[in-house]
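Participant: Top to bottom, those sequences are chains A and B.
Letter 22 of the first sequence, counting from 1, is numbered 32 in this note's numbering, and no numbers are missing.
Letter 45 of the second sequence, counting from 1, is numbered 55 in this note's numbering, and no numbers are missing.
Idealized CB from N, CA, C, for every residue including glycine.
Since the model is a prediction, treat every value here as computed from it, not as a measurement.
There are 2 protein chains.
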Amino acid sequence: MRMKELARRSGIPVPTIKYYLRESLLASGTATAPNQASYDEHHLRRLRLIRALIDVGGLSITDTRDVLRAADDADEFHPDLLGATHSALGTARRPPVSEDRRAAAAKEVDEFVTRRGWQIHPGNPALDRLADVIATLRTLDLDRVCETLDAYADAATELAEHEVRLLARLADPDEQGDGQPRPDAMEAVVAGSILGKALLYALHALAREAVATRTFDQSSS
Amino acid sequence: MRMKELARRSGIPVPTIKYYLRESLLASGTATAPNQASYDEHHLRRLRLIRALIDVGGLSITDTRDVLRAADDADEFHPDLLGATHSALGTARRPPVSEDRRAAAAKEVDEFVTRRGWQIHPGNPALDRLADVIATLRTLDLDRVCETLDAYADAATELAEHEVRLLARLADPDEQGDGQPRPDAMEAVVAGSILGKALLYALHALAREAVATRTFDQSSS
């Protein structure tokens, strides 16, 4: 199909598609004439994925490119593929906490990870993020929140176990019904990973309101 | 203390503090002379809170103002106070999905919320966010992820129950040890709510890597 048809079917304007081509998020079409190219269903699927990662997953253009590259380079599901989808966490700003407090928090994170028996790559930006959050909580005299780290980690682990099973199934040809791997299996893993995060965040916000309302109604009746 | 001292102790530059004053995030100091004001420990605490919400919580200036206003207006813990902290969710972009698919997803969210027995205010932006995520998952042929909504909701509910108990304790004078309410109890609730979210997100990223690595190591050995 021509660029115009690709824009119509994806709902994405032509200049935006051209931008994704320049930024190497989308592969070039097949040249059919000078200044003319033809695009296929793969381009359409890829465009939908790009917009899902940016609009719903909240990824930047750079993070989107990194994540898609990881998906293109992988031929099976592995932890590093999931690791690439953590990049969106790395953009938070450093809070103004003292050096001492930041160092103590980093040590606390280190001990916590060891105690939980978690194998974490030192480059995972969530390690720094967690230390920032802990240092900030202590600066605000919210040590009590830090004391309940395990409750958060338990819920996060339960969820992660569910997600990893789900993502492994998305990558498994035996699970596709016809025994054929879906052509976009690794794209599906990446999309499932990023959108699973968005799903959790939205459900968490809803669950908090539901639980708070229920608790409040009970205590005031 | 003078503005310069406030900047030194908070680690926040003077121009930034002046910006927060203009944007009404921070209350004016007590005038001591024309063009001179004095600030106290409350200002320092508030500045730290503002930076925590922006740097660690990822809130915009506008969202920070809304959340702080809700804390200042509340004299006890209630669900609406928590609701104000959901505002940061509302800024995601709408994905390019068809009108039909979006309407079907909104209906699905509605039924899901009813089935779970959740009482949710119609203005909670997470309802729209959830519908966007579901519509996007279906557009990407990731229906399988949607089928596991309950697993995400179970983990989110368990966590929310923990958090609401924790936040209610932060607001409860009997829990402060000396029987006195802490002067910033509602600020603590808001900070605990926003930073609790940041805590979950970081721990979720770590748990995913830990679980994926464990699963992968087991299956390849």
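With DSSP run on the structure shown, which of helix, strand or coil describes T40(A)?
Facilitator: Residue state, collapsed to three classes: strand.
Participant: Let me see if you follow: with CB-CB separation under 8 Å, is T72(A) close to chain B or not?
Facilitator: Judged by the 8 Å Cβ criterion, T72(A) is not in contact with chain B.
Participant: Please state whether the Cβ-Cβ distance between I22(B) and P106(A) is less than 8 Å.
Facilitator: Contact: yes.
Participant: When the cut-off is 8 Å and only beta carbons count, does L35(A) lie next to chain B?
Facilitator: Cβ-Cβ to chain B under 8 Å: no for L35(A).
Participant: With DSSP as the reference, label G100(B) as helix, strand or coil.
Facilitator: Caution applies to G100(B), whose pLDDT of 47 falls short of 50 and renders its modelled position unreliable; the value that the coordinates give is listed next. G100(B) falls in the helix class under three-state DSSP.
Participant: What residues of chain B sit near H131(A), judged by a beta carbon separation below 9 Å?
Facilitator: Those within 9 Å of H131(A) in chain B are E219, T223.
Participant: What does A1(B) pair with, by DSSP beta-bridge criteria?
Facilitator: With chain B covering only 11 through 231, there is no way to say anything about residue 1(B).
Participant: Runs of 4 residues minimum, wholly inside the region 67 to 145 of chain B: which ones carry the alpha helix (DSSP H) assignment?
Facilitator: If we require 4 residues or more, the alpha helix (DSSP H) runs fully inside the region 67 to 145 of chain B come out as 71 to 83, 89 to 94, 109 to 126.
Participant: For T167(B), which of helix, strand or coil comes out of DSSP?
Facilitator: Helix, per DSSP.
Participant: Out of curiosity, what's the CA-to-CA distance linking E173(A) and R218(B)?
Facilitator: Between E173(A) and R218(B), the C-alpha separation is close to 8 Å.
Participant: What's the gap between the Cα of Y29(A) and the Cα of A41(A)?
Facilitator: One C-alpha to the other measures close to 18 Å.
Participant: What does the alpha-carbon distance come out to for the pair E15(B) and V24(B)?
Facilitator: When rounded, the distance between both Cα atoms is 10 Å.
Participant: Whole angstroms is fine: what's the gap from A170(A)'s alpha carbon to D160(A)'s?
Facilitator: Spanning the two alpha carbons is a distance of roughly 15 Å.
Participant: Give the single residue among L147(B), L180(B), L210(B) whose Cα lies nearest to the Cα of D85(B).
Facilitator: Considering only alpha carbons, the answer is L180(B).
Participant: Spell out whether any CB of chain A is found under 8 Å from the CB atom of P25(B).
Facilitator: Chain A contact via Cβ: absent.
Participant: CA-CA distance, G79(A) and L210(B)?
Facilitator: Before going on, a small fix: residue 79(A) reads as Arg here, not Gly. Their backbone Cα atoms lie some 27 Å apart in a straight line.
Participant: With 8 Å as the C-beta to C-beta threshold (strictly closer), list the residues of the region 145 to 160 of chain A near chain B in chain order.
Facilitator: Within the region 145 to 160 of chain A, the qualifying residues are T146, L147, T149, L150, D151, L152, R154, V155, T158, L159.
Participant: Answer yes or no: does any C-beta atom of chain B fall closer than 8 Å to that of T42(A)?
Facilitator: Cβ-Cβ to chain B under 8 Å: no for T42(A).
Participant: Which two residues bound the contiguous alpha helix (DSSP H) that contains D153(A)?
Facilitator: First-last of the alpha helix (DSSP H) with D153(A): 153 to 156.
Participant: Give the residues of chain B in contact with E173(A), contact being defined as C-beta atoms less than 7 Å apart.
Facilitator: Those are R218, listed as they occur along chain B.
Participant: Using the beta-carbon of each residue, which ones in chain A are nearer than 8 Å to S38(B)?
Facilitator: Those do not exist, as S38(B) stays about 22 Å from chain A at its closest Cβ, beyond 8 Å.
Participant: For A178(A), name the three-state secondary structure that DSSP assigns.
Facilitator: The answer is helix: DSSP assigns A178(A) an H, G or I state.
Participant: Against E168(B), what residues of chain A qualify as contacts under a CB-to-CB distance less than 7 Å, listed in chain order?
Facilitator: Ordered by position in chain A, the residues that pass the 7 Å Cβ test against E168(B) are A165.
Participant: If distances are taken between C-alpha atoms only, which option among A178(A), E197(A), W128(A), V143(A) comes closest to A116(A)?
Facilitator: For A116(A), the nearest C-alpha among the options comes from V143(A).
Participant: Rounded to whole angstroms, what is the Cα-Cα separation between H214(B) and R104(B)?
Facilitator: Cα-Cα distance, rounded: 25 Å.
Participant: With a threshold of 8 Å on Cβ separation, who are the neighbours of L36(A) within its own chain once the five nearest residues in sequence on each side are excluded?
Facilitator: Cβ within range, chain order: I27, Y30, H53, R56, L57, I60.
Participant: Can you tell which of P135(B), I130(B), L91(B), T146(B) has its C-alpha closest to the C-alpha of T112(B)?
Facilitator: In the sequence on display, residue 112(B) carries Arg and not Thr. Ranking P135(B), I130(B), L91(B), T146(B) by Cα distance to R112(B) puts T146(B) first.
Participant: If you follow the alpha helix (DSSP H) that P25(A) is part of, which residue opens it and which one closes it?
Facilitator: Unbroken alpha helix (DSSP H) run through P25(A): 24 to 32.
Participant: Starting from L16(B) and walking both ways along the alpha helix (DSSP H), at which residues does that stretch end?
Facilitator: Element bounds for L16(B): 13 to 20.
Participant: Hey, how far is the Cα of L150(A) from the Cα of A166(B)?
Facilitator: Approximately 25 Å, taken between the alpha carbons.
Participant: Go ahead and pull the three-state DSSP assignment for L150(A).
Facilitator: Coil, per DSSP.
Participant: With distances taken between CB atoms, is the gap from I130(B) to A220(A) smaller than 8 Å?
Facilitator: Their beta carbons are under 8 Å apart, which means I130(B) touches A220(A) by this criterion.
Participant: For G202(A) and L152(B), which I take to be in contact (beta-carbon distance under 8 Å), what is that distance rounded to the nearest angstrom?
Facilitator: With 8 Å as the limit, G202(A) and L152(B) qualify as a contact, their Cβ atoms being about 6 Å apart.
Participant: For D194(A), name the three-state secondary structure that DSSP assigns.
Facilitator: D194(A): coil per DSSP, three-state reduction.
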